[in-house]
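Encoded as structure tokens, the structure appears first; notes follow it.
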Amino acid sequence: MKIVVCIKQVPDTAEVRINPETNTLVRDGVPSIINPYDLHALEAGLQIKELTGGTVTALTMGPPQAEDALREAIAMGVDDAVLLTDRAFAGSDTWATAYTLSRAVKKIGFDIILCGKQAIDGDTAQVGPEMAEFLDIPHIAYVKAIDEISTERIRVKRMMEEGYDIVESPIPVLLTVVKEINEPRLPSLKGKMRAKKAEIKKLGFDALETDEHLVGLKGSPTQVKDIFAPEMKKDRKVLKGSPEEIVEQLIGVLKEMKCL
Amino acid sequence: MDYFFTEEQKMIQELARQIAEEKVVPVRAELDEKEEFPHEIMKVLAQSDMFGIFIPEEYGGLGMGALELCIAVEELSRACLGVSTSYAANALGTYPILLFGTEEQKKKYLPDIASGKRLVAFALTEANAGSDAAGIQTTAKKDGDYYILNGTKQWITNGGEAEIYTVIAMTDPSRGARGASAFIVEKGTPGFSFGKKEKKMGIRASVTRELIFDNCKVPKENILGREGMGFIVAMKTLDQSRVGVGAQGVGVAQGALDEAIRFARQRVQFGKPVISFQAVQHMLADMATLTEAARSLVYSVARYVDSGAKDISKPSAMAKVFATDVAMKVTTDAVQVMGGSGYMREYPVEKMMRDAKILQIYEGTNQIQRNVIGQELIKEAARKG
Numbered sequence: 002m003k004i005v006v007c008i009k010q011v012p013d014t015a016e017v018r019i020n021p022e023t024n025t026l027v028r029d030g031v032p033s034i035i036n037p038y039d040l041h042a043l044e045a046g047l048q049i050k051e052l053t054g055g056t057v058t059a060l061t062m063g064p065p066q067a068e069d070a071l072r073e074a075i076a077m078g079v080d081d082a083v084l085l086t087d088r089a090f091a092g093s094d095t096w097a098t099a100y101t102l103s104r105a106v107k108k109i110g111f112d113i114i115l116c117g118k119q120a121i122d123g124d125t126a127q128v129g130p131e132m133a134e135f136l137d138i139p140h141i142a143y144v145k146a147i148d149e150i151s152t153e154r155i156r157v158k159r160m161m162e163e164g165y166d167i168v169e170s171p172i173p174v175l176l177t178v179v180k181e182i183n184e185p186r187l188p189s190l191k192g193k194m195r196a197k198k199a200e201i202k203k204l205g206f207d208a209l210e211t212d213e214h215l216v217g218l219k220g221s222p223t224q225v226k227d228i229f230a231p232e233m234k235k236d237r238k239v240l241k242g243s244p245e246e247i248v249e250q251l252i253g254v255l256k257e258m259k260c261l
Numbered sequence: 013m014d015y016f017f018t019e020e021q022k023m024i025q026e027l028a029r030q031i032a033e034e035k036v037v038p039v040r041a042e043l044d045e046k047e048e049f050p051h052e053i054m055k056v057l058a059q060s061d062m063f064g065i066f067i068p069e070e071y072g073g074l075g076m077g078a079l080e081l082c083i084a085v086e087e088l089s090r091a092c093l094g095v096s097t098s099y100a101a102n103a104l105g106t107y108p109i110l111l112f113g114t115e116e117q118k119k120k121y122l123p124d125i126a127s128g129k130r131l132v133a134f135a136l137t138e139a140n141a142g143s144d145a146a147g148i149q150t151t152a153k154k155d156g157d158y159y160i161l162n163g164t165k166q167w168i169t170n171g172g173e174a175e176i177y178t179v180i181a182m183t184d185p186s187r188g189a190r191g192a193s194a195f196i197v198e199k200g201t202p203g204f205s206f207g208k209k210e211k212k213m214g215i216r217a218s219v220t221r222e223l224i225f226d227n228c229k230v231p232k233e234n235i236l237g238r239e240g241m242g243f244i245v246a247m248k249t250l251d252q253s254r255v256g257v258g259a260q261g262v263g264v265a266q267g268a269l270d271e272a273i274r275f276a277r278q279r280v281q282f283g284k285p286v287i288s289f290q291a292v293q294h295m296l297a298d299m300a301t302l303t304e305a306a307r308s309l310v311y312s313v314a315r316y317v318d319s320g321a322k323d324i325s326k327p328s329a330m331a332k333v334f335a336t337d338v339a340m341k342v343t344t345d346a347v348q349v350m351g352g353s354g355y356m357r358e359y360p361v362e363k364m365m366r367d368a369k370i371l372q373i374y375e376g377t378n379q380i381q382r383n384v385i386g387q388e389l390i391k392e393a394a395r396k397g
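One line per chain: the protein sequences are A and B, in this order. Position one of the first sequence corresponds to residue 2 (our numbering), numbered consecutively onward. Position one of the second sequence corresponds to residue 13 (our numbering), numbered consecutively onward.
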């Protein structure tokens with residue numbers, strides 16, 4: 002079984018700051034971590050490998066320093082790591098990111114692709130499913146348990162608002178996972194030592210054999226015009242009285258606002 | 013302070029600290045309250061290769077030494093001495109095999125110990141043999157291809173949880189200490205069972221239990237060294253492990269100091285945080301200074317042990333006695349700095365104080381350590397003439 006886990010390096014803070022001039026994330030001075038959901042994807046990958054044998058490859062797209070996230074993944078136990086990095090990839094939205102990652106996993110080869118359900122910085126939850134579409138393979142999002150797995154098929158529990166679905170899919174397949182699926186392992190000492198020396202494979206634009214209009218800013222249909230925090234408004238009015246009186250008052254207020 | 017650790021030593025420190033903070037701190041109060049062995053934490057330590065630190069690479073370990081083990085022990089002790097005792101007792105039980113085992117014995121046992129698959133315990137103490145190790149009454153009688161063990165070991169850390177036991181028993185009771193021998197006894201050997209589980213003041217996440225040998229048949233190839241070497245096996249083992257008890261002292265002292273500082277910054281009396289009062293500052297200053305001095309001594313002695321030096325009895329005893337007396341003082345003072353809050357179970361320092369007490373008692377009481385230091389001083393002086 003060839004397992005590829007897509008991870009993202011994100012700033013380690015609950016409050017992501019935005020540079021108001023460039024509308025991009027402020028990364029300076031903020032320590033970086035592996036996106037927490039992706040740790041669960043890595044754990045799921047390692048557990049599948051323990052069951053079925055094979056290899057686990059960690060893949061990320063990002064600036065050169067994203068290599069640190071890949072070394073952490075190696076310390077946890079993945080077999081190898083690939084960094085997609087090129088100026089041409091800069092400014093990618095989820096579409097271009099998913100496209101670029103899908104080109105890379107094609108090159109690496111895969112049976113199962115695992116992603117965290119979303120990244121804690123962008124919070125879109127789009128890249129995983131979009132990748133599956135580009136690759137033309139089935140995907141199951143929000144996986145909370147893997148019940149059965151063979152080289153041919155996989156059966157999982159997909160988390161729903163209330164309860165869960167049991168979904169079966171042929172392999173190859175892409176899964177995005179939620180935190181409930183497992184408890185990510187800590188790194189091991191041997192893993193940390195291996196991670197320090199490990200060679201991280203780098204893939205750039207040329208290696209993907211694609212068109213420059215499909216990647217990076219040029220390949221991104223989403224163009225960010227403005228990012229701002231919504232203003233908090235506290236002008237509220239409490240209506241008091243019996244239900245009949247309140248309804249009467251409310252009609253008055255709505256008329257005043259020209260809603261009625 | 014920079015202790016000039018290597019990259020690898022820093023990795024151990026970082027990972028042990030991560031395990032302590034993420035896996036130990038959240039459950040330590042509950043483990044203490046319920047007197048529960050930390051099975052889950054042991055699994056994490058195993059998965060992280062922590063059990064293999066001091067075991068040679070050829071047996072699946074990381075091939076490091078006393079200093080690296082001390083670094084891991086210190087970090088775990090900062091969070092919970094019960095957990096670190098379970099972890100460190102494993103090393104104590106392993107040293108006899110590491111120091112005196114044959115190639116076959118090492119091949120058979122060390123890989124499973126390094127991976128954390130099998131836990132180890134060291135069994136010396138008995139009802140009438142504590143500080144006076146020569147008072148051992150457990151016997152081992154040769155019978156064909158076996159030794160037949162009879163007797164009861166008391167207060168054995170990891171008793172019942174460990175799979176492998178290194179046991180000191182008398183092969184020739186008439187010769188006193190020279191009649192002792194050391195054996196490897198596996199859990200499940202016929203005639204080997206577990207007795208009373210002790211209820212303790214502290215280190216309650218560690219298990220302390222009786223071992224009962226009733227005509228227990230141990231294969232003769234399980235003897236460590238030769239007949240009559242048991243006392244030497246025990247003493248060399250304790251010389252090797254003692255600095256680790258010092259590291260436990262440094263860890264728990266640091267843990268208590270951290271808590272006391274955090275509390276003193278928040279607690280307001282007379283309109284000011286109590287840390288702004290000189291009386292409190294001076295207590296914290298002494299606690300920090302003592303902890304730092306203990307740490308320096310422990311690291312220095314650990315490095316000396318790792319140099320392969322033979323005369324480690326005195327420095328090891330000094331590191332143990334100093335660091336554990338410091339631990340008792342610093343944890344007690346942490347409770348004092350925190351006042352009523354420190355005395356309550358809501359905060360971790362009362363547990364640290366209860367836990368720290370054992371460090372002055374086990375692996376040779378601090379009085380026995382002073383005997384060792386005193387005797388070495390006499391010998392050294394005599395040599396100089």
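The beta-carbon is built from N, C-alpha and C at its ideal position, and this holds for glycine as well. Small disclaimer: the values here were computed from a predicted structure and weren't measured.
Selected residue, minimal CA-CA separation from residue i, among the options
i: glutamine 10 (chain A); options: A:Met233, A:Leu218, A:Pro65, A:Phe206; result: A:Pro65
i: proline 123 (chain B); options: B:Leu136, B:Leu74, B:Met241; result: B:Leu74
i: glutamate 22 (chain A); options: A:Ile228, A:Leu47, A:Glu232, A:Glu213; result: A:Ile228
i: lysine 338 (chain B); options: B:Ala84, B:Arg307, B:Val317; result: Residue identity differs from the one stated: residue 338 (chain B) is valine in this sequence, not lysine. Comparing Cα-Cα distances from valine 338 (chain B) to each of B:Ala84, B:Arg307, B:Val317, the minimum goes to B:Arg307.
i: tyrosine 311 (chain B); options: B:Gly263, B:Met299, B:Thr343; result: B:Gly263
i: glycine 171 (chain B); options: B:Ala217, B:Lys55, B:Lys326, B:Tyr121; result: B:Ala217
i: glutamate 169 (chain A); options: A:Ile155, A:Thr125, A:Glu232, A:Gly192; result: A:Ile155
i: glutamate 44 (chain A); options: A:His214, A:Asp212, A:Gly205, A:Leu176; result: A:Leu176
i: threonine 125 (chain A); options: A:Glu134, A:His140, A:Phe90, A:Thr95; result: A:Thr95
i: glycine 398 (chain B); options: B:Asp298, B:Val384, B:Pro360, B:Gly397; result: A question about residue 398 (chain B) goes unanswered here, because the residues of chain B that appear run from 13 up to 397.
i: tyrosine 107 (chain B); options: B:Ala91, B:Val132, B:Ser98; result: B:Val132
i: glutamate 304 (chain B); options: B:Val219, B:Leu269, B:Thr114; result: B:Leu269
Cα-Cα separation, residue i to residue j
i: glutamine 250 (chain A); j: lysine 238 (chain A); result: 11 Å
i: glutamate 149 (chain A); j: serine 189 (chain A); result: 27 Å
i: phenylalanine 134 (chain B); j: threonine 169 (chain B); result: 7 Å
i: tyrosine 158 (chain B); j: arginine 238 (chain B); result: 14 Å
i: alanine 84 (chain B); j: glutamine 30 (chain B); result: 11 Å
i: alanine 146 (chain B); j: isoleucine 35 (chain A); result: 56 Å
i: alanine 393 (chain B); j: glutamine 387 (chain B); result: 10 Å
i: leucine 111 (chain B); j: methionine 2 (chain A); result: 43 Å
i: glutamine 240 (chain B); j: glutamate 375 (chain B); result: In the sequence under discussion, the amino acid at residue 240 (chain B) is glycine, which differs from the glutamine named in the question. Between glycine 240 (chain B) and glutamate 375 (chain B), the C-alpha separation is close to 22 Å.
Reduced DSSP secondary structure (H/G/I, E/B, other) of residue i
i: threonine 23 (chain A); result: coil
i: proline 50 (chain B); result: coil
i: alanine 217 (chain B); result: coil
i: phenylalanine 229 (chain A); result: coil
i: lysine 118 (chain A); result: coil
i: tyrosine 374 (chain B); result: coil
i: tyrosine 165 (chain A); result: strand
i: cysteine 260 (chain A); result: coil
i: arginine 141 (chain B); result: According to the sequence provided, residue 141 (chain B) is alanine. The question's arginine does not apply to it. Strand, per DSSP.
i: proline 218 (chain A); result: The amino acid at residue 218 (chain A) is misidentified as proline; the sequence shows leucine. Residue state, collapsed to three classes: coil.
i: isoleucine 125 (chain B); result: helix
i: arginine 156 (chain A); result: strand
i: phenylalanine 275 (chain B); result: helix
i: glutamine 21 (chain B); result: helix
i: lysine 396 (chain B); result: helix
i: leucine 187 (chain A); result: coil
i: serine 151 (chain A); result: coil
i: lysine 235 (chain A); result: coil
Contact belief for residue i with residue j at Cβ below 8 Å, rounded distance in angstroms
i: proline 285 (chain B); j: glutamine 278 (chain B); result: 7 Å
i: isoleucine 65 (chain B); j: glutamate 48 (chain B); result: Isoleucine 65 (chain B) to glutamate 48 (chain B), Cβ: 25 Å. No contact.
i: phenylalanine 206 (chain B); j: isoleucine 180 (chain B); result: The Cβ separation is near 18 Å, so there is no contact.
i: glycine 258 (chain B); j: lysine 332 (chain B); result: 5 Å
i: threonine 61 (chain A); j: leucine 84 (chain A); result: 6 Å
i: glycine 261 (chain B); j: leucine 371 (chain B); result: 5 Å
Any non-hydrogen atom of the ligand GDP within 7 Å of residue i CB
i: glutamine 117 (chain B); result: The ligand GDP is not among the ligands present in this structure, which contains no ligands whatsoever.
Notebook entry, point to check: If contact means a Cβ-Cβ distance below 9 Å, which residues of the segment 188-204 of chain A contact chain B?
Noted result: Pro188, Ser189, Leu190, Lys191, Gly192, Lys193, Met194, Lys197
Check: Residues in the segment 71-101 of chain A with C-beta within 7 Å of chain B's C-beta atoms, listed in sequence order?
Finding: none
Notebook entry, point to check: Taking Cβ-Cβ distances below 8 Å as the criterion, which residues of the segment 35-66 of chain B are in contact with chain A?
Noted result: Lys35, Val56, Gln59, Ser60, Asp61, Met62, Gly64, Ile65
Note to self: Output needed in chain order: residues of the segment 172-187 of chain A with a Cβ under 8 Å from some Cβ in chain B.
What the structure shows: Arg186, Leu187
Item checked: Contact residues within the segment 119-138 of chain B, judged by C-beta distance below 7 Å to chain A -> none
Check: Taking Cβ-Cβ distances below 9 Å as the criterion, which residues of the segment 16-34 of chain B are in contact with chain A?
Finding: Glu19, Glu20, Met23, Ile24, Glu26, Leu27, Gln30, Ile31, Glu34
Item checked: Interface residues of the segment 73-86 of chain B facing chain A [CB-CB below 7 Å] -> Leu74
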